[in-house]
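Asks: This structure is in structure tokens; I'll ask about it shortly.
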Amino acid sequence: MQRIEIKAEQFFELLKLKDTSMWEIFSQMIDGNEKEIIFLDNEDKINFNYILPAEQEKLEEDRKEFSKQFSDKLANFN
18 MQRIEIKAEQ FFELLKLKDT SMWEIFSQMI DGNEKEIIFL DNEDKINFNY
68 ILPAEQEKLE EDRKEFSKQF SDKLANFN
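Reading the sequence shown from the start, the letters are residues 18 to 95 in my numbering.
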């Protein structure tokens, strides 16, 4: 499995500047092979990782599940 390391802060800043979602970027990276995307902090420590699926359908399932979990977490803050 291919490993891709991304500086998280820079990645999310670029998404804001380009007004693009991470899911759009992930969609463009799908090529039939799973990839491990590793998000690093500024000290190159792992913040979190994500296994990019081989197919668009699984990516869409992941996006929906992430959105649901994120919404649930936000609701708990209020």
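Note that the Cβ used here is the ideal one computed from N, Cα and C, for glycine as well.
#1: Using 8 Å as the cut-off, can you tell me whether the stretch 60–75 makes contact with the stretch 42–49, which would need three or more C-beta pairs spanning the two stretches below that distance?
#2: Could you tell me if Leu91 is buried or exposed, where buried requires 16 or more neighbouring beta carbons within 10 angstroms of its beta carbon?
#3: Looking at the secondary structure, which residues open and close the beta strand (DSSP E) in which Ile55 lies?
#4: Which of the three DSSP states, helix, strand or coil, is assigned to Lys90?
#5: Can you tell me which residues form a DSSP beta bridge with Ile23?
Replies: On the basis of the coordinates in this document:
#1: Taking 8 Å as the limit for Cβ pairs, the verdict is that the stretch 42–49 does touch the stretch 60–75.
#2: exposed
#3: Here the beta strand (DSSP E) through Ile55 covers Lys52 to Leu57.
#4: helix
#5: Phe56
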